[in-house]
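Sequential numbering from 1 applies to the sequence shown in our numbering.
What follows is a single structure, written as structure tokens, with notes after it.
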Amino acid sequence: MTITSFTFMGFVLAILAIYHLAPQAWKKHILLAASLVFYASFSWQALIILNLIALVNFLIGIKLSKGKNNSFWLWFGILTNIVSLIAFKYADFYLPQVESILQKANIQTTTEGLKILLPLGLSFFVMQGIAYLIDISKKRIQPIEYFPDFWLFAIYFPKLLSGPMERAGRFVKQINQPRIVDTEQLETSLALIIMGIVRKMVLATPLLTMMPADVFTEPELFAPHLLASWLLAYGFAIYNDFAGYTNIIRGVSGLFGISLTQNFNVPYFARDFTEFWQRWHISFSNWLRDYIFFPLTRFLRRKFTRKNPLNIIIPPLVTMLISGLWHGLSFHMLLWGGLHGLYQVVERIPSLWRPVVTPAKRPKWRQWLGGLITFGLAMLAWVPFRADLPTTWAFYKKLVLFFNIPIMKKAIHPLSSVYLGSGQIINYKNWLLPDIRIFILIIPSLIIDIWQYRHPDISSIKNWSQWTKAIVLAVALLLMFFVSLANPQAPFIYQGF
Numbered sequence: 001m002t003i004t005s006f007t008f009m010g011f012v013l014a015i016l017a018i019y020h021l022a023p024q025a026w027k028k029h030i031l032l033a034a035s036l037v038f039y040a041s042f043s044w045q046a047l048i049i050l051n052l053i054a055l056v057n058f059l060i061g062i063k064l065s066k067g068k069n070n071s072f073w074l075w076f077g078i079l080t081n082i083v084s085l086i087a088f089k090y091a092d093f094y095l096p097q098v099e100s101i102l103q104k105a106n107i108q109t110t111t112e113g114l115k116i117l118l119p120l121g122l123s124f125f126v127m128q129g130i131a132y133l134i135d136i137s138k139k140r141i142q143p144i145e146y147f148p149d150f151w152l153f154a155i156y157f158p159k160l161l162s163g164p165m166e167r168a169g170r171f172v173k174q175i176n177q178p179r180i181v182d183t184e185q186l187e188t189s190l191a192l193i194i195m196g197i198v199r200k201m202v203l204a205t206p207l208l209t210m211m212p213a214d215v216f217t218e219p220e221l222f223a224p225h226l227l228a229s230w231l232l233a234y235g236f237a238i239y240n241d242f243a244g245y246t247n248i249i250r251g252v253s254g255l256f257g258i259s260l261t262q263n264f265n266v267p268y269f270a271r272d273f274t275e276f277w278q279r280w281h282i283s284f285s286n287w288l289r290d291y292i293f294f295p296l297t298r299f300l301r302r303k304f305t306r307k308n309p310l311n312i313i314i315p316p317l318v319t320m321l322i323s324g325l326w327h328g329l330s331f332h333m334l335l336w337g338g339l340h341g342l343y344q345v346v347e348r349i350p351s352l353w354r355p356v357v358t359p360a361k362r363p364k365w366r367q368w369l370g371g372l373i374t375f376g377l378a379m380l381a382w383v384p385f386r387a388d389l390p391t392t393w394a395f396y397k398k399l400v401l402f403f404n405i406p407i408m409k410k411a412i413h414p415l416s417s418v419y420l421g422s423g424q425i426i427n428y429k430n431w432l433l434p435d436i437r438i439f440i441l442i443i444p445s446l447i448i449d450i451w452q453y454r455h456p457d458i459s460s461i462k463n464w465s466q467w468t469k470a471i472v473l474a475v476a477l478l479l480m481f482f483v484s485l486a487n488p489q490a491p492f493i494y495q496g497f
């Protein structure tokens with residue numbers, strides 16, 4: 001039941017009808033039942049696993065409020081969540097070793113026989129649970145004492161698969177107060193849903209579909225400028241894919257009167273990488289900031305002086321390396337996280353000898369230059385996010401060749417050829433212009449972002465005329481209809497995490 005499918009739309013409409021006809025006291029229980037049904041449609045076995053983890057977090061939260069052995073219960077809860085994540089998400093890493101040990105003990109089995117089910121959304125679920133336990137231990141919130149409330153917080157269906165990672169205090173407050181969806185909220189929610197589906201179905205999915213399969217597996221087959229164009233396409237595809245998902249589920253949740261965190265705020269307009277991570281995957285970056293970066297920074301400042309270079313280097317680097325590992329237990333994901341950590345270290349170095357100037361207070365030329373540099377480096381970092389280390393290295397080498405004059409001279413001879421080995425010879429047809437469709441799809445993405453940048457509060461659509469609303473709605477629905485015919489069940493990239 002993907003969230004762009006007609007099945008999901010029908011499911012939401014049915015729950016909305018029941019929800020808004022039910023008495024106030026029943027509403028959160030209806031949402032809980034809907035969430036259980038929604039997740040069971042993917043896997044009832046995985047639902048059992050999530051429910052057990054939720055129960056453990058609930059009970060440990062109660063224990064933490066008693067004030068006895070808090071440190072023990074906090075670390076027990078954190079380790080329980082982390083072990084659950086490792087056991088299921090990283091099974092492909094350790095199962096071959098387990099199989100080898102069993103075979104040495106003359107126990108015949110196969111990795112398929114040992115295969116462990118990965119519950120969808122487990123990474124988000126676990127991080128949300130860890131945040132809940134830490135917030136209780138730090139007295140930031142009181143524990144939730146009514147299990148159905150905590151249960152709904154843990155598995156609320158719009159945010160369950162790919163976030164946003166909500167904080168318990170804000171979420172539970174909303175479900176325990178009367179919720180009325182007025183005309184303004186209805187329009188805002190529908191606008192978010194439409195914008196999300198456009199981002200996903202009209203922009204992200206076509207960009208991913210048109211991309212040659214071997215761009216991130218055999219980059220040496222492509223000319224440097226074509227690699228750059230496809231990297232640009234991938235950068236905008238993954239952004240619109242995940243931002244589209246977040247818009248849709250925020251809109252769906254708004255129809256129930258529950259506000260979810262904005263996860264993306266025009267990140268490609270960021271003027272440095274600190275600002276980039278304040279705009280990209282906001283709930284995730286806030287989690288990294290609050291539970292890794294800030295504690296690590298405070299620890300180092302107790303050990304060293306404020307101007308010690310270690311205070312500049314270690315917190316962003318460690319934080320972003322952990323971010324990479326969260327996305328996947330692989331060296332190429334570590335490189336992706338390491339690059340973002342390195343970017344932040346470099347831009348923090350001047351703070352050792354002069355006060356930090358926020359992007360908004362810099363001269364305009366520095367803001368523009370910083371924006372271009374940030375955008376370019378962010379694009380380059382997507383290579384290891386998508387490709388393994390050897391391929392990443394080959395990709396970067398080929399991009400560098402774009403500036404090699406002899407190679408550029410070859411580029412102007414389209415009938416020349418290159419020997420690839422194994423008797424295979426190809427013409428330099430790959431020196432043609434980039435696929436124009438890439439830019440046709442990137443332009444509307446930028447237009448949406450510019451509008452969002454100028455109107456951060458999407459509820460400003462209430463000021464549109466009825467004719468404007470009708471035209472925008474008609475065009476969006478028409479585009480979505482034709483695109484959905486081609487790929488109605490397109491999965492979201494971040495569901496893999």
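For glycine and all other residues, C-beta sits at the position ideal for the given N, C-alpha and C.
- Contact between Pro-315 and Leu-296 holds, with the beta-carbon distance rounding to 5 angstroms and staying under 8 angstroms.
- Taken through DSSP and simplified to helix, strand or coil, Lys-66 comes out as coil.
- In the displayed model, Val-472 falls within a helix according to three-state DSSP.
- The residues Ala-270, Arg-271, Asp-272, Phe-273, Phe-276, in chain order, have a CB closer than 7 angstroms to that of Thr-374 in the same chain once the five nearest residues on each side in sequence are set aside.
- Put simply, the backbone Cα of Ile-30 is about 11 angstroms away from that of Ala-17.
- Annotated as distal: Asn-176 and Gly-129, with beta-carbon spacing of 8 angstroms or more.
- Scanning its chain for C-beta atoms nearer than 8 angstroms, with the 5 sequence neighbours on each side dropped, one finds around Ser-351 the residues Ile-312, in chain order.
- In this structure, the alpha-carbon of Ile-322 lies about 8 angstroms from that of Leu-334.
- One Cα belongs to Leu-478, the other to Val-202, and the distance between them is close to 10 angstroms.
- By the neighbour-count criterion, in which 16 or more other beta carbons inside 10 Å mark a residue as buried, Asp-457 falls on the exposed side.
- Listed in chain order, the non-local C-beta contacts of Leu-310 below 7 angstroms within the same chain comprise Leu-300, Phe-304, local neighbours out to five positions each way being set aside.
- Contiguous alpha helix (DSSP H) elements confined to the region 105-183 occur at 111-114, 122-137, 147-155, 157-160, 168-175, taking only those with 4 or more residues.
- For Glu-347, the enclosing alpha helix (DSSP H) has its first and last residue at 331-348.
- As the crow flies, the alpha-carbon of Thr-392 is around 37 angstroms from that of Ile-53.
- Under a 10 Å Cβ-count criterion, Pro-148 is classified as exposed, with fewer than 16 other Cβ atoms of the shown protein chains found around its own Cβ.
- Comparing alpha-carbon positions, the option among Asn-308, Ala-204, Pro-143, Phe-171 lying closest to Ser-65 turns out to be Pro-143.
- By the criterion of at least three beta-carbon pairs nearer than 8 angstroms, the region 230-248 is in contact with the region 382-392.
- Excluding sequence positions up to five before and after Asp-135, its CB lies within less than 6 angstroms of the CB of Ile-141, all in the same chain and listed in chain order.
- Taking a cut-off of 8 angstroms for Cβ pairs, the region 163-171 and the region 206-226 do not touch, as fewer than three such pairs fall below it.
- If one requires a minimum length of 4 residues, the alpha helix (DSSP H) runs lying completely within the region 253-314 are 273-279, 282-288, 294-303, in chain order.
- Taking every protein chain shown into account, the CB of Arg-199 has 16 or more other CB atoms within 10 angstroms, so this residue is buried.
- Per DSSP, reduced to three states, the secondary structure at Val-37 is helical.
- With a threshold of 16 other beta carbon atoms within 10 Å, Tyr-146 falls short and is exposed.
- In this structure, DSSP gives Phe-236 a helical state, which the three-state scheme calls helix.
- Taking one beta carbon from each stretch, the region 247-265 and the region 1-12 have 3 or more pairs nearer than 8 angstroms; the two touch.
- Between Gln-185 and Trp-26, the alpha-carbon positions lie close to 22 angstroms from each other.
- Exclusion of the five residues before and after Phe-88 leaves Ile-49, Ile-116, Leu-117, Leu-118, Pro-119, Leu-122 as the residues of its chain whose Cβ lies within less than 8 angstroms of its Cβ.
- Judged by DSSP secondary structure, Arg-362 falls outside any alpha helix (DSSP H); it is assigned neither H nor E.
- Gly-67 counts as exposed, since fewer than 16 other beta carbons sit within 10 angstroms of its beta carbon.
- Distance from the CA atom of Ile-155 to the CA atom of Phe-284, rounded to whole angstroms, is 17 angstroms.
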